[in-house]
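Scroll down for the structure; my scribbles are underneath it.
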Amino acid sequence: MNNKQDYNQEKIEAIRVLETPEYRQLTDQLHQAQKMELVGCLAGGVVHDLNNLLTAIIGYAELCRDAIEPNHPIRTWFDEIILTANEAVAITRLLLTFARKQVVDARVFDLNGLVPSILGLLRRLVGENITLVWNPSSAFRPVRMAPAQVTQILVNLCINARDAIAGVGEIRIESESIAVSATDHLQFPELPLGQYTLLAVSDNGCGIDRETITHVYEPFFTTKIAGQGTGLGLASVYGIVQQSNGFIHIDSEPGKGTTFKIYLPQAEKMLLSRLV
Numbered sequence: 016m017n018n019k020q021d022y023n024q025e026k027i028e029a030i031r032v033l034e035t036p037e038y039r040q041l042t043d044q045l046h047q048a049q050k051m052e053l054v055g056c057l058a059g060g061v062v063h064d065l066n067n068l069l070t071a072i073i074g075y076a077e078l079c080r081d082a083i084e085p086n087h088p089i090r091t092w093f094d095e096i097i098l099t100a101n102e103a104v105a106i107t108r109l110l111l112t113f114a115r116k117q118v119v120d121a122r123v124f125d126l127n128g129l130v131p132s133i134l135g136l137l138r139r140l141v142g143e144n145i146t147l148v149w150n151p152s153s154a155f156r157p158v159r160m161a162p163a164q165v166t167q168i169l170v171n172l173c174i175n176a177r178d179a180i181a182g183v184g185e186i187r188i189e190s191e192s193i194a195v196s197a198t199d200h201l202q203f204p205e206l207p208l209g210q211y212t213l214l215a216v217s218d219n220g221c222g223i224d225r226e227t228i229t230h231v232y233e234p235f236f237t238t239k240i241a242g243q244g245t246g247l248g249l250a251s252v253y254g255i256v257q258q259s260n261g262f263i264h265i266d267s268e269p270g271k272g273t274t275f276k277i278y279l280p281q282a283e284k285m286l287l288s289r290l291v
């Protein structure tokens with residue numbers, strides 16, 4: 016009888032271990048890593064073909080641009096086609112890079128200095144009915160990653176925000192310096208103590224329910240109708256943030272909009288070592 020009681024007690028203790036937040040967190044991370052492997056398989060099969068198509072678009076656009084007079088009114092249109100196609104090439108290469116866990120061309124740069132250079136692209140993506148607001152912090156906020164990765168993050172988050180608004184609305188991009196305290200670490204155990212640059216993208220769209228939030232980073236998961244979403248946007252954002260040793264958090268409720276908060280480790284020491 017005692018042996019049976021001991022056995023049952025061991026089973027109870029094992030179940031308790033499996034139910035701990037730490038175990039669930041590790042299990043979720045493992046499942047997410049397995050799902051990201053699917054992105055690698057997809058990316059390996061299509062990115063090179065897509066880059067070939069984009070190369071052809073760029074080549075023909077350059078031929079057309081060079082065939083007209085320098086002051087021709089549509090010359091700037093070809094410049095925009097070439098610029099946007101090159102940005103698409105950089106993004107597709109990054110998708111392949113993070114999915115295969117390859118080392119990217121990371122460097123230290125000021126986040127506040129980069130974002131204004133891509134606001135034009137973001138405004139074209141969100142359309143005229145949505146106001147895009149950039150609210151940077153006043154201080155210098157260096158991070159270490161590939162600049163094109165920030166472009167990919169903002170493109171994906173702004174497209175999602177646009178679709179959530181589905182009409183007239185506002186998207187707000189903000190940066191801020193954040194010191195993660197012991198209290199913050201208790202709430203988000205995967206976020207180490209330290210100084211971070213916070214990049215936040217907020218919208219006043221339809222919001223996300225709790226059940227959907229648990230799936231948003233899964234490759235190929237989408238709530239959009241067929242033909243309007245691949246389910247890879249937020250998966251790629253998640254992969255980039257993880258590769259940069261950062262952390263991403265969602266604040267959202269149905270009918271109250273959504274905020275994606277991305278914590279990127281600040282790189283002051285790396286920056287100083289490069290400047291000396």
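Mapping to the numbering used here: the sequence shown position 9 is 24, numbers consecutive. C-beta atoms are modelled at their ideal positions from N, C-alpha and C, and glycine is treated no differently. A quick note: this is a predicted structure, and the numbers were derived from the prediction, not measured.
Neighbourhood of residue i by C-beta, 7 Å cutoff - its chain only, sequence neighbours within 5 removed
i, result
"leucine 129", "Pro162 and Val165"
"tyrosine 232", "Gln47, Leu249, Ala250 and Tyr253"
"phenylalanine 93", "Ala76, Cys79 and Arg80"
"asparagine 144", "Gly182 and Val183"
"asparagine 260", "Pro280"
"alanine 154", "Ser192"
Inter-residue Cα distance where the pair is residue i and residue j
i, j, result
"histidine 264", "isoleucine 83", "49 Å"
"alanine 71", "threonine 99", "13 Å"
"glutamine 281", "serine 196", "15 Å"
"alanine 250", "isoleucine 174", "14 Å"
"isoleucine 96", "arginine 122", "27 Å"
"glycine 220", "histidine 87", "41 Å"
"arginine 138", "aspartate 64", "28 Å"
"proline 131", "tryptophan 149", "8 Å"
"serine 192", "glycine 270", "29 Å"
"serine 152", "asparagine 171", "22 Å"
"threonine 229", "isoleucine 223", "10 Å"
"glutamine 202", "glutamate 185", "29 Å"
"glycine 74", "arginine 156", "37 Å"
"leucine 126", "valine 158", "7 Å"
"glutamine 210", "alanine 176", "27 Å"
"tyrosine 66", "isoleucine 133", "Before going further, note that residue 66 is asparagine rather than tyrosine in the sequence given. Answer to the nearest angstrom: the Cα atoms are 21 Å apart."
"glutamine 257", "isoleucine 89", "42 Å"
"threonine 227", "threonine 237", "9 Å"
"glycine 142", "threonine 274", "20 Å"
"asparagine 101", "valine 62", "14 Å"
"leucine 136", "phenylalanine 124", "20 Å"
Spatially closest choice to residue i from the options, by CA coordinates
i, options, result
"glutamate 189", "Ser259, Thr227, Asp218 and Asn67", "Asp218"
"glutamate 268", "Arg225, Val231, Leu213 and Leu78", "Arg225"
"tyrosine 253", "Lys271, Ile168 and Gly222", "Ile168"
"alanine 194", "Leu279, Arg90, Pro85 and Val62", "Leu279"
"aspartate 120", "Met160, Val62 and Ile255", "Met160"
"isoleucine 255", "Asp266, Val62 and Thr107", "Thr107"
Where the alpha helix (DSSP H) through residue i begins and ends
i, result
"isoleucine 168", "162-180"
"glutamine 281", "No alpha helix (DSSP H) holds glutamine 281; DSSP gives it neither H nor E."
"threonine 227", "225-228"
"valine 148", "No alpha helix (DSSP H) holds valine 148; the beta strand (DSSP E) holding it covers 145-150."
"isoleucine 89", "Counting along the chain, isoleucine 89 falls outside any alpha helix (DSSP H), and DSSP gives it neither H nor E."
"serine 153", "Counting along the chain, serine 153 falls outside any alpha helix (DSSP H), and DSSP gives it neither H nor E."
"isoleucine 255", "248-258"
Range of the contiguous beta strand (DSSP E) that encloses residue i
i, result
"glycine 184", "184-195"
"tyrosine 232", "Segment: none, tyrosine 232 is in no beta strand (DSSP E) and carries neither H nor E."
"alanine 215", "209-218"
"isoleucine 263", "262-267"
"aspartate 125", "122-125"
Buried/exposed call for residue i, threshold 16 Cβ in 10 Å
i, result
"phenylalanine 262", "buried"
"proline 207", "exposed"
"isoleucine 277", "buried"
"glycine 272", "buried"
"valine 179", "One point to set straight first is that residue 179 is alanine, not valine, in the sequence displayed. Alanine 179 is buried by the Cβ-count criterion."
"alanine 215", "buried"
"threonine 212", "buried"
"proline 85", "exposed"
Own chain residues within Cβ distance below 6 Å of residue i, not counting five before or after
i, result
"alanine 103", "Leu69"
"aspartate 266", "Thr274"
8 Å Cβ shell around residue i - same chain, five flanking residues per side excluded
i, result
"threonine 146", "Gly184, Glu185 and Ile186"
"leucine 140", "Val170, Cys173, Ile174 and Arg177"
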